[in-house]
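Scroll down for the structure; my scribbles are underneath it.
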Amino acid sequence: MAVDKSMNVLVVDDYKTMIRIMRGLLDQLGFKNVDDAVDGTTALEMLKHKDYGLILSDWNMQPMTGYELLKAVRAEPRTKNTPFVMVTAEAKTENVIAARQAGVNNYIIKPFNLAVLKQKLTTVFGEL
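Residue numbering for the sequence shown follows the working numbering, starting at 146 and increasing by one per position.
Structure follows, in structure tokens:
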């Protein structure tokens, strides 16, 4: 079954340039309904008011990290099954393991390109 590219996507990153890059790549893949948040706290508030089919989040943010956001998303019955992809420069093995244990669906190491994003999302959703 093909993925519904009209689903709402939430990009969470404290770096505005990264949000622009992610929006552009998602647009190239056909995802048009993209919202963004500058930190985990803002993202959590947005998740209370709107359903998202995918969350792409940076790890290193203040006051709430992407890892803390992931744990909060997984703890909430309404969002616990929402696909969550960590997008970060953090390549430390212990971080990848911690994110996996917390329920992340996939992990993208920055910098990355369209092909990498497509491959990682295909792993999560099946053929795009």
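C-beta: ideal position from N, C-alpha, C; glycine also. Since the model is a prediction, treat every value here as computed from it, not as a measurement.
Coil, strand or helix - residue i by DSSP
i: Asp172; result: helix
i: Ala188; result: helix
Contact under 8 angstroms by Cβ, residue i with residue j
i: Phe114; j: Ser202; result: The requested residue 114 does not occur in the structure, where the chain is confined to residues 146 to 273.
i: Tyr212; j: Asn153; result: no
i: Ile200; j: Thr233; result: no
Proximal residues to residue i (C-beta, below 7 angstroms), its chain only, five neighbours per side dropped
i: Gln173; result: Leu259
Close beta carbons around residue i, own chain, < 6 angstroms, minus the five adjacent residues each side
i: Leu192; result: Thr224
Whole-angstrom C-beta distance between residue j and residue i, which should lie under 8 angstroms
i: Val269; j: Asn250; result: 5 angstroms
i: Ile164; j: Asp180; result: Contact doesn't hold; Cβ gap of about 10 angstroms is too wide.
i: Leu214; j: Gly185; result: 3 angstroms
What ranges does the beta strand (DSSP E) occupy inside the region 199–272, keeping only unbroken runs of at least 3 residues that lie completely in it? 199–202, 229–233 and 251–254
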